[in-house]
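Chemist: Okay, here's the structure, questions in a sec.
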Ligand SMILES: NC(=O)c1ccc[n+]([C@@H]2O[C@H](COP(=O)([O-])OP(=O)(O)OC[C@H]3O[C@@H](n4cnc5c(N)ncnc54)[C@H](OP(=O)(O)O)[C@@H]3O)[C@@H](O)[C@H]2O)c1
Ligand SMILES: NC(=O)c1ccc[n+]([C@@H]2O[C@H](COP(=O)([O-])OP(=O)(O)OC[C@H]3O[C@@H](n4cnc5c(N)ncnc54)[C@H](OP(=O)(O)O)[C@@H]3O)[C@@H](O)[C@H]2O)c1
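Residue numbers (UniProt numbering), protein chains in the order written: chain P, 1 to 321; chain W, 1 to 321.
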């Protein structure tokens, strides 16, 4: 089959369609013919060699896709069934092997390309804000990078949970996108100090900056506040004043979806389909696609995401390769 | 009334019985005639001026007591009723004003002095390990300072919750005390590196060392592991590698009981009475009293706790003052 590979290990932009082996099915996996995949920031890291796939996962980039079951393997699934897939890797390809627990239905009225744009963000946002942090009505949630793939989805979901939503973004345009999606408090991090604006007000923060924002995030938390870190775009190592945690009973947690076991991923998928899919089915929460490109243009897609010009997701369609 | 006060602000050992005003009742409070109080490590900090009482709390030292209701105020309580009390301060005295929500029954068969030795540890341990961390059967819990006031209680409670209990302590004798209370894994922190022994094995850690143990604690946590910090005997400021949190989905949380609001303390007390008191009533969990001294010997009691020679609690009896 054809798949995108990094042809020159020293050049993360050397993403080219090359001929590779079609994946072998393991027990409990189905083979999916990929119609579309979409780009995650982690894909850029992986292309640079900075985010090695977990043990047993495909070496090919790509954390989500939608397509058609080509071979149901030992599962009870049907050939030809349309599915969306949460992947540990392997999405930038014609075919991918997927544990049955990581298959999701196509949301009502969604094309396969649209479905490929919501799986990773829905599972990430729900597992962190729904399952772990338990965001609920009346709470204030701060979402960093509100105009990104994760952010554009999280804003909508938090509004559905009844929360007041604060976001950070780097431009007035991006903040306007966030406002349209439902964000209540808009902070341009290039001009304002979010911790000044939000001191002691946030019940939950979904953070993608790591070290750079740690102190400000703690300052922004309310009593019983929870900081959930899913990205470290601003570094890993920070000084922490533990004395700041105790009187307000703050918690700092970090998670990655990709490192979860197959069982744990299946649990996330089950809960996401149960709680988030109904919101997609009737449009209360919707995909936010910046642009759609052919899979062969993966390098262009990565450069585009890297440019900071993107709001929401970039979809890659496999088409005829 | 008589109460212990720090008579020389520059000398934390200048703890003397002096004449002070009897506390005025606020709405919802009862006046308790104190029979006994007990010493907490925080009392030593407060005597040194390092742990100022929260706003509105008594300036007098003492976080728990047991005694008899002298004046029920506006509550429906009865004069003469024996009660144990969780305090924000004021225990080292003849009388103390207590919000009704912070009154607990005397456990079955307990003397008032014995009751004064379990309130703060029970509420602290239950609020952190039961209510917040949700310790459950089959989990492994690490308790630092297993032979201390908190530790001796936490070991027993965790065993009742069905956990495997690891403890650290500074001597073979203290570890033997821990073993007798039910601890399964005994680590002499002066001779062993607990993080080497327990790498990746702990589901929950109750920490009292703060900065000094942060890195080792994180190393010791299992997937989904929770570090709950209630003391900072080893300092506040530490470097944290946030990258260590994400793949194992670790959480770091800090709490203090004393800083909770009156409503939040009442919730802790209610849940502690519901879940822990039955275990005290029939002796499945029991008090661990090192020694009992007259209140007038508060300075001696503080020196004793400071010496590191204590296992469990020191009780101070008011008697005739
Ligand atoms: N742990 C997990 O399971 C998991 C899963 C999915 C994603 N992630 C992580 O989540 C993050 C977002 O992923 P994504 O796919 O949504 O990426 P994305 O679409 O590239 O979004 C990242 C956003 O970060 C914003 N940003 C950059 N610097 C910022 C700053 N200093 N303050 C606030 N925002 C800033 C950018 O917007 P501006 O132009 O406004 O700066 C951009 O919109 C990434 O770090 C990714 O690795 C983690
Ligand atoms: N946040 C809250 O709500 C709350 C409530 C109650 C208590 N606390 C805190 O919890 C801690 C324990 O309180 P406590 O009243 O039980 O005090 P305690 O009886 O004095 O116990 C402290 C214990 O710490 C041990 N220790 C000292 N250095 C250690 C080290 N490097 N590693 C492991 N253990 C060490 C000592 O035992 P060794 O002789 O074995 O060293 C001692 O048994 C204190 O820091 C206190 O402030 C917090």
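Don't be surprised by glycine CBs; every beta carbon is placed ideally from N, CA and C.
1) Does the segment 25-33 of chain W come close enough to the segment 65-82 of chain W to have 3 or more Cβ pairs within less than 8 Å?
2) Could I get the ranges of all uninterrupted alpha helix (DSSP H) runs contained in the segment 270-294 of chain W, with 4 residues as the minimum, in chain order?
3) Is DSSP giving residue 155 (chain P) helix, strand or coil here?
4) Mind checking which residues open and close the beta strand (DSSP E) that includes residue 253 (chain W)?
5) Can you list the residues of chain P that residue 311 (chain W) reaches, using a CB-CB cut of under 8 Å?
6) When the distance is taken between beta carbons, is residue 143 (chain W) closer than 7 Å to residue 167 (chain W)?
7) Should residue 265 (chain W) go down as buried or exposed, given a rule of 16 or more other Cβ atoms within 10 Å for buried?
8) Give me, in chain order, the residues of the same chain whose beta-carbon lies closer than 6 Å to that of residue 39 (chain W); leave out the 5 immediate sequence neighbours on both sides.
9) What in chain W is Cβ-close to residue 211 (chain P), meaning under 7 Å?
10) Can you tell me which of the three DSSP states residue 190 (chain P) falls into?
11) Note down, in chain order, every chain P residue with its Cβ under 8 Å from the Cβ of residue 229 (chain W).
12) Listing by chain order, which chain W residues have their CB less than 9 Å from the CB of residue 39 (chain P)?
13) Which residues does DSSP pair with residue 241 (chain P) in a beta bridge?
14) Alpha helix (DSSP H) containing residue 222 (chain W): first to last residue?
15) With distances taken from CA atoms, which of P:57, P:197 and P:292 is nearest residue 188 (chain P)?
16) Give me the Cα-Cα distance between residue 18 (chain W) and residue 10 (chain W), rounded to the nearest whole angstrom.
17) Which residues, in order along the segment 125-159 of chain P, keep a beta-carbon less than 7 Å from a beta-carbon of chain W?
18) Is it buried or exposed for residue 128 (chain P), if we count other Cβ within 10 angstroms and need 16 for buried?
19) Residue range of the beta strand (DSSP E) that residue 38 (chain P) falls in?
20) Beta-carbon of residue 57 (chain W) versus every beta-carbon of chain P: anything under 7 Å?
21) Starting from the beta carbon of residue 250 (chain W), find every residue of chain P whose beta carbon is closer than 8 Å, and list them in chain order.
22) If distances are taken between C-alpha atoms only, which option among W:41, W:4 and W:223 comes closest to residue 139 (chain W)?
23) Take residue 324 (chain P) as the anchor and find which of P:256, P:271, P:319 and P:308 has the nearest alpha-carbon.
24) Rounded to whole angstroms, what is the Cα-Cα separation between residue 154 (chain P) and residue 146 (chain P)?
25) Return the residue from the list P:66, P:131, P:273 and P:62 that minimises the CA-CA distance to residue 226 (chain P).
26) Please determine, among P:212, P:182 and P:177, the residue with the shortest C-alpha to C-alpha distance to residue 194 (chain P).
27) I want to see whether chain P comes within less than 7 Å of residue 238 (chain W), judged by CB atoms only; does it?
28) Using a Cβ-Cβ cut-off of 7 Å, state whether residue 259 (chain P) counts as contacting chain W.
29) Curious, which full-length beta strand (DSSP E) runs of at least 3 residues does the segment 116-144 of chain P contain?
30) What is the C-beta distance between residue 201 (chain W) and residue 220 (chain W), in whole angstroms, given that I count them as a contact (C-beta under 8 Å)?
31) Can you list, in chain order, the residues of its chain whose CB lies under 7 Å from that of residue 36 (chain P), leaving out five sequence neighbours each side?
32) Anything in chain W within Cβ reach of residue 232 (chain P), meaning under 9 Å, just list it in chain order.
33) If I measure Cβ to Cβ from residue 268 (chain P) and keep anything under 8 Å in the same chain, skipping five residues before and after, which residues do I get?
34) Check whether the Cβ of residue 257 (chain P) sits closer than 6 Å to any heavy atom of ligand 1, and report yes or no.
35) Alpha carbon to alpha carbon, what distance is there between residue 240 (chain W) and residue 255 (chain P)?
Modeler: A quick look at the data gives this:
1) Counting C-beta pairs closer than 8 Å gives three or more between the segment 25-33 of chain W and the segment 65-82 of chain W, which meets the contact rule.
2) Along the segment 270-294 of chain W, the alpha helix (DSSP H) occurs as fully enclosed runs of 4 or more residues at 277-281, listed in sequence order.
3) DSSP places residue 155 (chain P) in the helix class (H, G or I) of the three-state scheme.
4) From DSSP, the beta strand (DSSP E) with residue 253 (chain W) extends over 251-254.
5) Ordered by position in chain P, no residue passes the 8 Å Cβ test against residue 311 (chain W), which lies about 25 Å from the chain.
6) Against a cut-off of 7 Å, the Cβ pair of residue 143 (chain W) and residue 167 (chain W) comes out as a contact.
7) Counting Cβ neighbours within 10 Å, residue 265 (chain W) comes out buried, since at least 16 surround it.
8) Setting aside the 5 residues that flank it on each side, residue 39 (chain W) is surrounded in the same chain by 301, 305 and 314, each with a C-beta closer than 6 Å to its C-beta; the list follows chain order.
9) Under the 7 Å cutoff, chain W gives 242.
10) Coil, per DSSP.
11) Residues of chain P passing the Cβ test: 242, 245 and 246.
12) Against chain W, a Cβ distance below 9 Å from residue 39 (chain P) picks out nothing, because the smallest value is about 20 Å.
13) Note: residue 241 (chain P) sits in a beta bridge opposite W:237.
14) Element bounds for residue 222 (chain W): not the alpha helix (DSSP H) but the beta strand (DSSP E), 221-229.
15) Of P:57, P:197 and P:292, the residue nearest in Cα terms is P:197.
16) Roughly 17 Å separates the two Cα atoms.
17) If you check each beta-carbon in the segment 125-159 of chain P against every beta-carbon of chain W, none falls closer than 7 Å.
18) Its Cβ being crowded by 16 or more others within 10 Å, residue 128 (chain P) is buried.
19) Counting along the chain, the beta strand (DSSP E) containing residue 38 (chain P) begins and ends at 29-38.
20) Judged by the 7 Å Cβ criterion, residue 57 (chain W) is not in contact with chain P.
21) Those are 253 and 254, listed as they occur along chain P.
22) Ranked by Cα distance from residue 139 (chain W), the first of W:41, W:4 and W:223 is W:223.
23) For residue 324 (chain P) there is no data in the structure shown, the boundaries of chain P being 1 and 321.
24) Distance between the alpha carbons of residue 154 (chain P) and residue 146 (chain P) is about 8 Å.
25) With distances taken between Cα atoms, residue 226 (chain P) lies closest to P:131.
26) Residue P:212 is the option with its Cα nearest to residue 194 (chain P).
27) By this cut-off, residue 238 (chain W) is an interface position.
28) Interface residue, yes.
29) Runs of the beta strand (DSSP E) inside the segment 116-144 of chain P: 140-143.
30) The pair is a contact, with the Cβ atoms about 7 Å apart (cut-off 8 Å).
31) 65, 66, 112, 113, 116, 315, 316, 317 and 318.
32) Per Cβ cutoff of 9 Å: 242, 243 and 246.
33) Around residue 268 (chain P): 86, 123, 126, 127, 131, 257 and 260.
34) Between ligand 1 and residue 257 (chain P), a heavy atom-to-CB distance of less than 6 Å is present.
35) So the two alpha carbons sit approximately 15 Å from each other.
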